[in-house]
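Numbering (UniProt numbering), first residue to last: 1 to 128.
To keep things clear, I will list the structure first and then write my remarks on it.
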């Protein structure tokens, strides 16, 4: 499975979302490209559908291989660092949206977020 997601950090906090299908598990905003859709086009579409924003100056960050939290299948996740053009508001299939420091002990994170991205952001000093 191929997925694209946005790494949105503001004031040392990372934007994460949860879906109505699993409201207790937090992910990065993004999703699967439609058939024939380029990754960047999918990222723009997903951010608009999920949060009502557009990515600003997206830059490739890293490709991650991990298990998809809901589907429990192997996933290739392409991550782009990006700003956003407005105030995000959860919509579509989202249940919650939070800005996190990455040190929260009371939240469940997807495997890709927990095992790959949070350690990377902590090591780089991007999170407060």
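Beta carbons are placed, not taken as given, at the ideal position from N, Cα and C, and that holds for glycine.
Residue 30 is positioned such that its CB atom lies closer than 8 angstroms to that of residue 43. The continuous stretches of alpha helix (DSSP H) do not include residue 1, and DSSP gives it neither H nor E. For residue 45, the enclosing alpha helix (DSSP H) covers residues 39-51. A residue is called buried once 16 or more other Cβ atoms fall within 10 Å of its Cβ, and residue 94 is buried on that count.
Residues of the same chain with a CB within less than 6 angstroms of the CB of residue 109, apart from the 5 flanking positions on each side, are 26 in chain order. Of the residues 100, 80, 119, the one whose Cα lies closest to the Cα of residue 39 is 80. As the crow flies, the alpha-carbon of residue 83 is around 13 angstroms from that of residue 60. Between residue 5 and residue 116, the alpha-carbon positions lie close to 13 angstroms from each other.
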